[in-house]
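Report on the following structure.
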Ligand SMILES: *Cc1c(COP(=O)(O)O)cnc(C)c1O
């Protein structure tokens, strides 16, 4: 294996993070984009709080992504408290599929929910937002490759679903998120996501992971979600 990111030493994650930030800034300017127009969401799924902590304390990272509500809650209760003691505020993104029976916990524990993708979820989130007065920012996930096993609204249903979220449930949707099919050219998928966002007046485009973030930056990503290039290859795939 020739992993660039070998995070056996937790400080390697900090070095990887710093190199990645510089590469994103370089890529942005190569694409005539402002480096600060691209947010780095550090994907910490499967890594323990102690493994993640140096990227906060030393690396100054405050934006993270998790794909499982149950995994994230205890880990980020701990990490948010430790970060708060340093005067840092964490922004936690939910990037994995959401079940409607987890909507309550998702609204309570996440600052951004990137995976709104069906009416049942929209209804459950609207209910929790009203009940709690807490307003996580919301993105709709689009299944750009129309893969049967994958979450996300189909591209041809995206406009109607966005209108439903807004008109029937009073939800403000800030952007779109997509995970292109594995083993396919990502660029048509990123481009399609950009077209749907533009048509619907949405600003945020969450796209690009360790393997394809440079392409995503080129095609207008406002957030890239990068895990293994920071923390190292995940031992057990929970993605
Ligand atoms: C795991 C995951 C990522 C990060 O993937 P890497 O290849 O480790 O960078 C990004 N987005 C989603 C939705 C994920 O589940």
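In full-length UniProt numbering, the protein residues as written are 1 to 239.
All residues carry an ideal CB built from backbone N, CA and C; glycine is no exception.
Quick caveat, the model's predicted, so the values are computed rather than measured.
Use the C-beta contact count for residue 101: other C-beta atoms within 10 angstroms, 16 or more gives buried, fewer gives exposed.
exposed
What residues does ligand 1 have around it, judged by CB closer than 7 Å to any heavy atom, in chain order?
43, 45, 65, 67, 95, 96, 179, 209, 210, 211, 225, 226, 227, 228, 229, 234, 239
Could you tell me how far apart the beta carbons of residue 217 and residue 38 are, in whole angstroms, since I believe they sit closer than 8 Å?
6 Å
DSSP on residue 110, reduced to helix/strand/coil?
coil
In the DSSP assignment, find the unbroken beta strand (DSSP E) run with residue 160 in it and report its ends.
Counting along the chain, residue 160 falls outside any beta strand (DSSP E), though it belongs to the alpha helix (DSSP H) covering 158 to 167.
Can the beta-carbon of residue 113 be found closer than 9 Å to that of residue 94?
yes
List, from N- to C-terminal side, the beta strand (DSSP E) runs of 3 residues or more that fit wholly inside the region 17 to 96.
39 to 43, 63 to 66, 91 to 94
Applying the criterion that 16 or more other CB atoms from any shown protein chain within 10 Å of the CB defines a buried residue, is residue 184 buried or exposed?
exposed
Can you give me the C-alpha to C-alpha distance between residue 252 and residue 167, rounded to a whole angstrom?
The chain is shown from 1 up to 239; residue 252 falls before or after that span and cannot be answered.
Cβ-Cβ separation, residue 96 to residue 67 (assumed contact under 8 Å), whole Å
3 Å
Endpoints, beta strand (DSSP E) assigned at residue 184:
No beta strand (DSSP E) holds residue 184; DSSP gives it neither H nor E.
Considering only C-alpha positions, which residue in the set 187, 144, 54, 181 is nearest to residue 196?
144
According to DSSP, residues forming a beta bridge with residue 173:
138
Is the beta carbon of residue 154 less than 9 Å from the beta carbon of residue 176?
no
Using beta-carbon positions only, say whether residue 205 and residue 215 come within less than 9 Å of one another.
no
For residue 100, which of helix, strand or coil comes out of DSSP?
helix
What are the residues that DSSP puts in a beta bridge with residue 116?
140
For residue 60, does the count of other Cβ atoms within 10 angstroms reach 16, so buried, or fall short, so exposed?
exposed
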